[in-house]
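Trainee: One structure is given below, represented as structure tokens, and several questions about it will come after.
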Amino acid sequence: MIRRSFLAFAALLAAFPALAQEARALTDAERDLITRINEHNSLIKTMVGRFLQIDTRGQRIEGTFFLERPGKILFRYNPPSYEQIVSVGRGFYVVDRKEKTQYAYPQDKVPLRQFLDSQIDLFKANIVAVAQSDDYFSVTLQDDTPAGVVRVALVFDTESLDMKQWTLTEPSGAELTFSLYDVEKDVAIPKSYFYIDPTFRSKSAPADT
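Residues -20 to -1, 1 to 189 in mature numbering (1 follows the signal peptide of the UniProt record, and there is no 0) are what the sequence shown spells out, letter by letter.
Next comes the structure, spelled out in structure tokens:
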């Protein structure tokens, strides 16, 4: 079960005005905090844990995730879903294990890629907004893609410097929020977890809703 502190954090994030802020120069304190976030998270080579995904319509789905730097991540949704999202450094694939299908997004067009580098440097990304409370710090990155503007707001604990949540905003305005909990760091992950089955049928990504 998700802890009460996690639920309080999710409510706090909803109050962040990050996407409404106009781009501005970072303060020295903000630059220092982002530098420490870069350094801390670059030292974490693997992470595993659980996630809660909430979409624009409020649908909630849970699952497990596995991350290995550089470039590898797997989100495995809990049953009855057969879907998973996987990256092996060349792109993000949405896989349906039951239908044996997959569709891909280029990795260089997904702002979250900045957090998968072996050496994280958020200053290299297009930072368009920041927001801060007593306990959390949000950095919003933006990419211009062929489909339109994509944004991702990364949220970090200001004490531990760990990432706790991110919200992806698609060109349509639809949002997808991933919140992380029960996280373990620097654990061994089987290589077979980061695998794109070449026998799965490719299909087009669904249109934004």
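For glycine and all other residues, C-beta sits at the position ideal for the given N, C-alpha and C.
Being a predicted model, the structure only gives us computed values, none of them experimental.
(1) Tell me whether A5 sits in a helix, a strand or coil according to DSSP, three-state version.
(2) Return the residue from the list R70, T125, R56 that minimises the CA-CA distance to Q64.
(3) Cα-Cα, which of T149, P170, Q145 is closest to S159?
(4) Whose C-beta lies closer than 8 Å to the C-beta of L141 among residues of the same chain, with five residues either side of it excluded?
(5) Whose C-alpha, out of Q122, S152, L156, S118, is nearest the C-alpha of M143?
(6) Note down, in chain order, each residue of its chain lying with its Cβ closer than 8 Å to the Cβ of R(-17), except the 5 sequence neighbours on either side.
(7) Could you give the uninterrupted runs of the beta strand (DSSP E) lying entirely in the segment 29 to 64, keeping only those of 3 residues or more?
(8) Taking just the CA atoms, how far does T147 sit from G153?
Mentor: Reading off the structure:
(1) A5: coil per DSSP, three-state reduction.
(2) The residue from R70, T125, R56 with its alpha-carbon nearest to that of Q64 is R56.
(3) Put simply, of T149, P170, Q145 the residue whose alpha carbon is nearest the alpha carbon of S159 is Q145.
(4) The beta carbon of L141 is closer than 8 Å to those of R16, I17, H20, N21 in its chain, skipping five residues each way along the sequence.
(5) In this structure, S118 is the residue among Q122, S152, L156, S118 with its C-alpha nearest to the C-alpha of M143.
(6) Caution is warranted here: a pLDDT of 35 is assigned to R(-17), below 50, making its placement in the model unreliable, and the coordinate value is therefore given only provisionally. Counting only residues of its own chain and dropping the five nearest sequence neighbours on each side, R(-17) has no CB closer than 8 Å to any other CB.
(7) Those beta strand (DSSP E) runs which fall completely within the segment 29 to 64 and span 3+ residues are 40 to 48, 52 to 57.
(8) Looking at the two C-alpha atoms, the distance is approximately 11 Å.
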